[in-house]
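Trainee: Let me begin by handing over the structure; questions about it come next.
Number of protein chains: 2
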Amino acid sequence: MNQPTVADVGELELLKRLQPFCAQDLLGDDAAVLPPRSQSQVITTDVLVDGVHFSDHTTSPTAVGWRAIAANLSDLAAMGASPTGVTVGLALPGATPVIWVEQVYQGMVDCLQTYGGKIIGGDVVRSPQTMLSITALGEVAPQRVIRRDRAQPGHVILATGWHGASRAGLELLLQPQKSEYLSETNRQAFIQAHQYPLPRLDVVGLLAALEDEEFLTLAGMDSSDGLANAVLWLCQASGVGAKLRRSRLPIPPSLTTWVGDETALNWCLYGGEDFELVLCLPAETALELLPVLGDRASIIGTIEAGSEVELVDDVSGEPDLRLTWDGCFQHF
Amino acid sequence: MNQPTVADVGELELLKRLQPFCAQDLLGDDAAVLPPRSQSQVITTDVLVDGVHFSDHTTSPTAVGWRAIAANLSDLAAMGASPTGVTVGLALPGATPVIWVEQVYQGMVDCLQTYGGKIIGGDVVRSPQTMLSITALGEVAPQRVIRRDRAQPGHVILATGWHGASRAGLELLLQPQKSEYLSETNRQAFIQAHQYPLPRLDVVGLLAALEDEEFLTLAGMDSSDGLANAVLWLCQASGVGAKLRRSRLPIPPSLTTWVGDETALNWCLYGGEDFELVLCLPAETALELLPVLGDRASIIGTIEAGSEVELVDDVSGEPDLRLTWDGCFQHF
């Protein structure tokens, strides 16, 4: 590896090389300037640390960039917002190859070009630890913001896609030998789900079919920290409980075949990073939406009075399982 | 030190403790929502790494928080914008005392309460290295944005305050024994300048006296990376040169007495982190502004045709000095 490092080229040259990845008309001053907006502004920040949230063992630099942006765009989608721009804070050791940085930016731009928005600013600094901090800006009509606190007893819970696939992809990257029990197509699909997750901004577009009033009885968030975590958050914010049906959980069939019922259930509920949306809404609205959301979307349970979040085991007939925060990923 | 750490209390409890420092009405979903704005939105990001941009040896946690916000608000002031909100990305080892985090947030809130804006969102994650990434949002009337590329030959260069004081404060924190040659008042003033810098949002308020047309012949930026760096940037962005007059440089007299002419000159030009504003504008506008900016503000030189940035030595009569990027702080 005889590639020039960030320390070799210096800060000014590094910034010059990153310039082509950024919105030309918005950069070059102390801060970016966006024109006045008639819609509500949505803003979200995610920090990703090398060795904690990504690793060179499991993620190419392009995928590091893609995932960092995808995680933020997923937060925007969770609010019903469309992306307008991002700022990128990047902390790097001087020994980082310039090509690594360029590929991270390429991955970010790839994701932004797919979903909208541009890199409008940022900061690159020296650090013993590689870290990425992304702030994404989006916009949404004020009356069409998706909130967490509007789940009501009688609502159904709708999840937009497979859950557990990203966790399966991580397993395959950490322990490649396990793939021998899996078809090549499925192996690649799981790894793709982990490395290049797709934020569900398409769902935001499909929600355009709803009336403004329907947003008043719509709650939602993304499942970045796991499906169980999303349901627990929605219930806590809304002061309600929920019953999930095990037979309805969106577990990829190939995952169950590969790792068995129990592990598949665990990864579906707690794996995280699937970046799907979990919506609570009246059944009739859900049934309107389901056909346009495609066949992976499904009604996985119902919102109930009270505060218990239970998994009804309609598969093996075991006693109902109470879902708690303890099983969920905690950052500390 | 038997204080509970971040790992002791866990993520949910940590977020609960940080909640009181944040804007209650804006938090609690996947992202913050700000109402529609009739003005241009200005957005800026700064990353601060422990051991690189701050250190427990020289900075209390309250000062770490204050400086992180002040640096971002200074970028907003440089654009002529007023702060509306910030997001805080925080990466921390699990062993960090909770009280440290609370004090950093207290410092941030202290600065925001002084200058405007609230903490509207963020992310706290685990990391071997402590890092802060702040994104600040501000607003400004579209026709009153301060740009870097509008300096013209015939303009004068106006600097808003002392330069070199922050670097002097850092020296005193790193080598306390040096303070024996300094009065206690001056010692404290330098340390204060380093630990609790004041972003010049007051100047943004004073510029309100200018007409819209006067902004078309106003260039400016902040001096966070040093006075020389600011002049070099302004000249490069505008395609002009400059002549600074050594006798007019805003060096605190007590600094020259303490460290001598050469070091004082060096710290004034290259020390950085004074977070003052450097403006290029017609002499008559500058003369209008000077009385309201207070006695530390001064005209330090003129914008010239060409691209050379020279320091005219009207003090010792030495040959003119050409200022280059080489002397400036580089992040790598």
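Residue numbers (the working numbering), protein chains in the order written: chain A, 199 to 530; chain B, 199 to 530.
The C-beta atom is built at its ideal place from N, Cα and C for all residues, glycine as well.
None of these values were measured; they are calculated from a predicted model.
1) Got a sec: which bits of the stretch 216-240 of chain B sit with their beta carbon under 8 Å from any beta carbon on chain A, in order along the chain?
2) Under DSSP, the alpha helix (DSSP H) around B/Asp308 begins and ends at which residues?
3) CB B/Glu516 to CB B/Gly439, shorter than 8 Å?
4) Classify B/Ile177 as helix, strand or coil using the three-state DSSP reduction.
5) Just to make sure I have the definition right: I need the residues of chain B whose C-beta is within less than 8 Å of the C-beta of A/Ile318. Which are they?
6) Is it buried or exposed, B/Glu378, if we count other Cβ atoms within 10 angstroms and call 16 or more buried?
7) Going by the beta-carbon positions, is the gap between B/Ala261 and B/Gly305 smaller than 8 Å?
8) Which residue wins for smallest C-alpha separation from A/Gly359, given the options A/Gly492, A/Ala266, A/Pro291, A/Gly525?
9) Taking the alpha helix (DSSP H) that A/Gly263 belongs to, which residues open and close that run?
10) In three-state DSSP terms, what is B/Ile332?
11) For B/Val245, go through chain A and note every residue whose CB falls closer than 9 Å to its CB, in chain order.
12) Since A/Ala481 and A/Val354 should fall inside the 8 Å C-beta cutoff, what is the C-beta to C-beta distance between them, to a whole number of angstroms?
13) Using a threshold of 8 Å, state whether the C-beta atoms of A/Asp321 and A/Gly287 are closer than that.
14) Near B/Gln201, what residues of its chain come up, given a Cβ to Cβ distance below 6 Å and the 5 sequence neighbours on each side ignored?
15) Give the residues of chain B in contact with A/Trp523, contact being defined as C-beta atoms less than 8 Å apart.
16) Rounded to a whole number of angstroms, what is the C-alpha to C-alpha distance between B/Glu300 and B/Thr285?
17) Considering only DSSP beta bridges, list what B/Lys316 is partnered with.
18) Using a Cβ-Cβ cut-off of 6 Å (strictly less than) and excluding sequence neighbours within five positions of B/Ser236, which residues of its own chain qualify?
19) Classify B/Ile498 as helix, strand or coil using the three-state DSSP reduction.
20) Which residues, taken in chain order from the stretch 408-424 of chain A, show a beta carbon closer than 7 Å to some beta carbon of chain B?
21) Between A/Gly439 and chain B, is any beta-carbon pair separated by less than 8 Å?
22) Per DSSP, A/Phe252 is paired with what?
23) To the nearest angstrom, how far is it from the Cα of B/Val476 to the Cα of B/Leu310?
24) What distance in whole Å lies between the Cβ atoms of A/Ala484 and A/Ile501, which are believed to be in contact at a cut-off of 8 Å?
25) Using DSSP bridges, identify the partner residues of B/Glu508.
26) On a Cα-Cα basis, can you pick out the residue from B/Val204, B/Asp227, B/Glu209 that is closest to A/Trp431?
27) Within the same chain, show all residues whose beta-carbon is closer than 8 Å to that of A/Arg385, passing over the 5 residues directly before and after it, in chain order.
28) Examine the Cβ distances between the stretch 237-244 of chain B and the stretch 244-260 of chain A and report whether three or more of them are shorter than 8 Å.
29) Hey, does B/Phe530 have any beta-carbon neighbour from chain A nearer than 8 Å?
30) Do B/Ser445 and B/Val513 count as a contact pair if the criterion is CB distance below 8 Å?
31) Can the beta-carbon of A/Ala293 be found less than 8 Å from the beta-carbon of A/Val323?
32) How is B/Asp321 classed by DSSP in three states: helix, strand or coil?
33) With 16 as the cutoff for other CB atoms within 10 Å, does A/Leu509 come out buried or exposed?
34) Can you tell which of B/Leu246, B/Val302, B/Arg346 has its C-alpha closest to the C-alpha of A/Val231?
35) Between A/Pro340 and chain B, is there a C-beta pair that is closer than 8 Å?
36) According to DSSP, B/Arg235 sits in a beta bridge with which residue or residues?
Mentor: In short, the structure shows the following:
1) Gly226, Asp227, Asp228, Ala229, Ala230, Val231, Leu232, Pro233, Pro234, Arg235, Ser236, Gln237, Ser238, Gln239, Val240
2) Counted from its first residue, the second sequence places residue 308 of chain B at position 110. 296-313 is the extent of the alpha helix (DSSP H) around B/Asp308.
3) In the second sequence, the residue the question calls residue 516 of chain B occupies position 318. In the second sequence, the residue the question calls residue 439 of chain B occupies position 241. No, Cβ-Cβ distance for B/Glu516 and B/Gly439 is not below 8 Å.
4) No statement about residue 177 of chain B is possible, as the shown extent of chain B runs from 199 to 530 and does not include it.
5) The residue given as residue 318 of chain A occupies position 120 in the first sequence. The contacting residues are Ile241.
6) Taking the first residue of the second sequence as 1, we reach residue 378 of chain B at position 180. The residue is exposed, with fewer than 16 neighbouring Cβ atoms inside 10 Å.
7) The residue labelled residue 261 of chain B in the question sits at position 63 within the second sequence. The residue labelled residue 305 of chain B in the question sits at position 107 within the second sequence. Cβ atoms of B/Ala261 and B/Gly305: closer than 8 Å.
8) Position 161 of the first sequence, counting from 1, holds the residue named residue 359 of chain A. A check of alpha carbon separations from A/Gly359 across A/Gly492, A/Ala266, A/Pro291, A/Gly525 identifies A/Gly492 as the nearest.
9) Your numbering for residue 263 of chain A matches position 65 in the first sequence. It spans 259-276 - the alpha helix (DSSP H) in which A/Gly263 sits, taken as one unbroken run.
10) Numbered from its first residue, the second sequence carries residue 332 of chain B at position 134. Three-state DSSP puts B/Ile332 in a strand.
11) Translated into positions along the second sequence, residue 245 of chain B becomes position 47. Ordered by position in chain A, the residues that pass the 9 Å Cβ test against B/Val245 are Gly287, Leu288, Ala289, Gly320, Asp321, Val322, Val323, Ser325, Met329, Ser331.
12) By 1-based counting over the first sequence, the position of residue 481 of chain A is 283. By 1-based counting over the first sequence, the position of residue 354 of chain A is 156. That pair is a contact at about 5 Å.
13) In the first sequence, residue 321 of chain A corresponds to position 123, counting from 1. In the first sequence, residue 287 of chain A corresponds to position 89, counting from 1. Cβ distance < 8 Å, so A/Asp321 and A/Gly287 count as in contact.
14) Numbered from its first residue, the second sequence carries residue 201 of chain B at position 3. These residues qualify, in order along the chain: Pro295, Ile297.
15) Taking the first sequence and counting its residues from 1, one reaches residue 523 of chain A at position 325. Here the neighbours are Leu210.
16) For the purposes of this step, residue 300 of chain B is taken as the residue at position 102 of the second sequence. For the purposes of this step, residue 285 of chain B is taken as the residue at position 87 of the second sequence. Cα-Cα distance, rounded: 16 Å.
17) For the purposes of this step, residue 316 of chain B is taken as residue 118 along the second sequence, with counting starting at 1. B/Lys316 pairs with B/Gly283.
18) Position 38 of the second sequence, counted from the first residue, corresponds to residue 236 of chain B. Nothing listed; no residue qualifies.
19) Taking the second sequence and counting its residues from 1, the one referred to as residue 498 of chain B is at position 300. DSSP places B/Ile498 in strand when its eight states are reduced to three.
20) Met419, Asp420
21) Stepping through the first sequence from its first residue, residue 439 of chain A is reached at position 241. It does not: the Cβ of A/Gly439 has no partner Cβ on chain B nearer than 8 Å.
22) Here residue 252 of chain A refers to the residue found at position 54 when the first sequence is read from its first residue. A/Asp248.
23) Counting from one through the second sequence, the residue named residue 476 of chain B turns up at place 278. Counting from one through the second sequence, the residue named residue 310 of chain B turns up at place 112. Spanning the two alpha carbons is a distance of roughly 23 Å.
24) Locating residue 501 of chain A in the first sequence gives position 303, where the first residue counts as 1. Locating residue 484 of chain A in the first sequence gives position 286, where the first residue counts as 1. At roughly 11 Å, the Cβ-Cβ gap does not stay under 8 Å, so A/Ile501 and A/Ala484 are not in contact.
25) Mapped onto the second sequence, residue 508 of chain B falls at position 310. B/Glu508 is bridged to B/Lys441, B/Arg520.
26) Reading the first sequence from its first residue, position 233 is the one you call residue 431 of chain A. Nearest of B/Val204, B/Asp227, B/Glu209 to A/Trp431, Cα basis: B/Asp227.
27) Taking the first sequence and counting its residues from 1, the one referred to as residue 385 of chain A is at position 187. Taken in chain order, the residues that qualify are Leu370, Ser377.
28) no
29) Position 332 of the second sequence, counting from 1, holds the residue named residue 530 of chain B. Yes - at least one Cβ of chain A is within 8 Å of the one on B/Phe530.
30) Sequence index remark: in the second sequence, residue 513 of chain B carries index 315 (1-based). Sequence index remark: in the second sequence, residue 445 of chain B carries index 247 (1-based). Yes, Cβ-Cβ distance for B/Val513 and B/Ser445 is below 8 Å.
31) Walking along the first sequence from the start, residue 293 of chain A turns up at place 95. Walking along the first sequence from the start, residue 323 of chain A turns up at place 125. Not closer than 8 Å, so no.
32) Residue numbering aside, residue 321 of chain B sits at position 123 when the second sequence is read from its first letter. The answer is strand: DSSP assigns B/Asp321 an E or B state.
33) Looking up residue 509 of chain A in the first sequence gives position 311. Buried, since its Cβ has 16 or more Cβ neighbours within 10 Å.
34) In the first sequence, residue 231 of chain A corresponds to position 33, counting from 1. That would be B/Arg346, whose Cα lies nearest to the Cα of A/Val231.
35) Working through the first sequence from its first residue, we reach residue 340 of chain A at position 142. Closer than 8 Å: yes.
36) The residue you call residue 235 of chain B lines up with position 37 of the second sequence. A/Arg235.
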